[in-house]
Amino acid sequence: AFALTFLVPLAEELLFRGIVLGELARKFGNIWAIILSSAIFGIMHGLSIHIGYALICGFFLGFVYVYTDSIKSSYILHAVFNFFGSAFITLFEHDKLAPFQGVFDAVGNVVSILEIALIIPSIVAVIFLIKLSKEGKLGGDHEPS
Numbered sequence: 374a375f376a377l378t379f380l381v382p383l384a385e386e387l388l389f390r391g392i393v394l395g396e397l398a399r400k401f402g403n404i405w406a407i408i409l410s411s412a413i414f415g416i417m418h419g420l421s422i423h424i425g426y427a428l429i430c431g432f433f434l435g436f437v438y439v440y441t442d443s444i445k446s447s448y449i450l451h452a453v454f455n456f457f458g459s460a461f462i463t464l465f466e467h468d469k470l471a472p473f474q475g476v477f478d479a480v481g482n483v484v485s486i487l488e489i490a491l492i493i494p495s496i497v498a499v500i501f502l503i504k505l506s507k508e509g510k511l512g513g514d515h516e517p518s
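Shown next, in the form of structure tokens:
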């Protein structure tokens, strides 16, 4: 759980936002860099049910990275995504969410529920990161074009 929550997001942010998005931004500008790096991020997650989710997360993380001018912000948000996603999946696998099975069936699949479960922590994390960015507490650690 530690690796999934903290180490995987660190490696992915350094690679996809730090290197891939940074290089693409120099060549194509921020908007195209966010779109292209998100597509690469989605494809690299491999499993078909995860590609769409990873693509959306990649777009959101790329936007946060460019907006805050800090890889720290996209890393924190990515760690929040993974933490809540892992917690949700663990609860689901151990039948702790059995009382909500009718809701899961109505929605159709776990991926959709997971996306819904991440909305509130994502909003809170983005507000927090924007606040830190405006206060200058994140510091710029890359040069977006």
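Quick note, my numbering runs 373 ahead of the 1-based positions in the sequence shown.
Beta carbons are placed, not taken as given, at the ideal position from N, Cα and C, and that holds for glycine.
### Message
So, with DSSP's three-state summary, where would you put GLU508?
### Response
Three-state result, GLU508: coil.
### Query
Relative to the C-alpha of LEU383, which residue among GLU508, ILE500, PHE457 and LYS445 is closest?
Checking every option, the nearest Cα to that of LEU383 belongs to LYS445.
### Task
Please list, in chain order, all residues of the same chain as LEU397 whose beta carbon is under 8 Å from its beta carbon, the five residues on each side excluded.
These residues qualify, in order along the chain: TRP405, ALA406, LEU409 and SER410.
### Query
Got a sec, what are the start and stop residues for the alpha helix (DSSP H) ILE416 sits in?
Note, ILE416: alpha helix (DSSP H), 403-417.
### Query
Exposed or buried, which one is GLY415 when buried takes at least 16 other CB atoms within 10 Å?
Looking at its Cβ environment, which holds 16 or more other Cβ atoms inside 10 Å, GLY415 is buried.
### Query
Mind checking whether TYR438 and LEU394 have CB atoms under 8 Å apart?
Against a cut-off of 8 Å, the Cβ pair of LEU394 and TYR438 comes out as a contact.
#### Entry: Secondary structure of ALA398, DSSP reduced to three states
Correct three-state label for ALA398: helix.
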